[in-house]
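Visitor: Below you'll find the structure I mean.
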Amino acid sequence: YWSRGRRYRNVELVQIDINGLNNIYALDCFEKEFRKAVDENWKENPPFLRYQTKLLRDLAILDDQKEKAIKLPEFEKLTNEIGLFSIRHPHSNLNLRVIYTVTEGVVILITAFLEKSRNDYTKAIRVSRDRYEWIISED
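To convert, take the position in the sequence shown, counting from 1, and add 403; that gives the numbering used here.
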C-alpha cells in the first residue's frame with residue numbers, strides 16, 4: 404500500500420526502517436527539516452544523537468499505539484485540524500515539534516520544526532495541511 408516512489412511537489416514518501424519500526428513513514432524532506440531544527444544529522448544506524456534518540460522512542464510508541472498515543476503527554480491532536488497530530492517535548496532545551504498523521508494503520512511524519520513562536524507553529528500547520536491533503540488523496 405504505501406510505497407517508495409509516490410511523489411508530491413518533488414517530495415517522496417519513504418519508510419523509516421530503524422530499530423524495528425514497522426509502520427512509520429515520512430516525507431523524504433522530513434530528515435532535512437529534522438536536521439535543520441535540531442542541528443543533528445539523521446542517522447540510519449546507532450549510535451543515534453540526542454534528539455533522534457528521543458524521536459525514535461516516540462516513534463516506537465506510535466508504531467504500537469497509533470491514534471491511542473494521544474493519551475500520553477508527548478502526543479497531541481492538533482486543535483481544529485482533521486487528521487493531524489503532534490509529538491512535543493515542551494520542557495526540553497529545544498521545543499522540537501513533529502507533525503504527523505495516522506492513516507490505514509500507518510504513521511506518516513509530515514514535518515519537523517522548532518517552535519520558537521506561535522508563528523512557527525502556524526506556518527508548520529499550514530505546510531502540514533497541504534502535505535496531509537496530498538497524503539490522503541487518491542492517485
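From the three backbone atoms N, C-alpha and C, an ideal C-beta is built for every residue, glycine too.
The structure presented is a predicted model; accordingly, all values stated were derived computationally and were not measured.
Can you tell me which of Tyr524, Val501, Arg491 and Ser531 puts its alpha carbon nearest to the alpha carbon of Ile485?
Guide: Residue mapping note: residue 485 aligns to position 82 of the sequence shown, counting from 1. Cα-wise, what sits closest to Ile485 is Ser531.
Visitor: Mapping the DSSP letters down to three states, classify Phe383 as helix, strand or coil.
Guide: This structure gives no information on residue 383, because the portion of the chain shown stretches from 404 to 542.
Visitor: Express the C-alpha separation of Lys519 and Ile538 in angstroms, rounding to a whole number.
Guide: As a first step, residue 538 must be located in the sequence shown, where it is residue number 135. As a first step, residue 519 must be located in the sequence shown, where it is residue number 116. If you take the alpha carbons of Ile538 and Lys519, they lie about 27 Å apart.
Visitor: Compute every distance between the C-beta of Ser495 and the non-hydrogen atoms of the ligand FAD, then say whether any falls below 7 Å.
Guide: Of the ligands one can find in the structure shown there are none, so the ligand FAD has no counterpart to examine.
Visitor: Which first and last residues belong to the alpha helix (DSSP H) in which Glu473 is found?
Guide: Stepping through the sequence shown from its first residue, residue 473 is reached at position 70. Note on residue identity: the sequence assigns Ile, not Glu, to residue 473. Ile473 -> no alpha helix (DSSP H), and no H or E assigned at all.
Visitor: Compare the beta carbon distance of Ile528 and Leu481 with 8 Å and say whether it is the shorter of the two.
Guide: The residue you call residue 528 lines up with position 125 of the sequence shown. The residue you call residue 481 lines up with position 78 of the sequence shown. Contact flag set, yes.
Visitor: Alpha carbon to alpha carbon, how far is Phe437 from Asp420?
Guide: Position 34 of the sequence shown holds residue 437. Position 17 of the sequence shown holds residue 420. Rounded to whole angstroms, Phe437 to Asp420 spans 17 Å at the Cα level.
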